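J.:
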Amino acid sequence: MTTTHDSDVRADSALSLSGVLASALPHDLGTAQGPTRYTVPAVFSRRPQPREIELLHGEGTRQRLSEAGYSDVELHVSDRRLLITNTNLVDLKAGLAHLVGTILHDISAQAARERTDRSDELEAQGLVEEERLESLRKAAAEIHFD
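In my numbering, the protein residues as written are 941 to 1086.
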């Protein structure tokens, strides 16, 4: 019998976040000594693929955050976590979480399109190569040494 674990989720499923990892928030959060801005760790729905990480760390993400008023916020991937730096729970609740979710959705869709395009290209190259080899076989078969 085959079982599926959350780490085995298909790579073509959309990358998303399942929630904030509250146990990894600053221990003094909510106290007078607690920080006003900090890193909020969120858990991915699956392990991000290398291309998704590249896009997430890219200039496009920084630009989208900046244009939305979050120029100090950065997104960093750490294994199955997204580290959202220089923010807080209030900012996330007020709209940053929605923006991050949209960014992840767009990145996931772009990476999927790129995979499909590469697959189609490789398939087309394979067909061309098959035709070339078949042409060579036919040409070779026409050679007779009588």
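Glycine is no exception: its CB is placed at the ideal position from the N, C-alpha and C atoms.
Predicted model, so just to flag it, every value in this text is computed and none were measured.
(1) Out of H1045, A1079, S1006, E1007, which has the shortest C-alpha to C-alpha gap to L995?
(2) Go ahead and pull the three-state DSSP assignment for S956.
(3) In angstroms with no decimal places, state the Cα-to-Cα distance between E1082 and E1070.
(4) Alpha carbon to alpha carbon, how far is D1031 from E1061?
(5) Put T971 into one of helix, strand or coil per three-state DSSP.
(6) Under DSSP, the beta strand (DSSP E) around I1024 begins and ends at which residues?
(7) Tell me whether the beta-carbon of T1027 lies closer than 8 Å to the beta-carbon of V980.
(8) Just the C-alpha distance for F984 and P990, rounded to the nearest angstrom, thanks.
(9) If you reduce the DSSP assignment to three classes, tell me which class P981 lands in.
T.: Taking the geometry as given:
(1) H1045
(2) coil
(3) 18 Å
(4) 43 Å
(5) coil
(6) 1021 to 1027
(7) yes
(8) 14 Å
(9) strand
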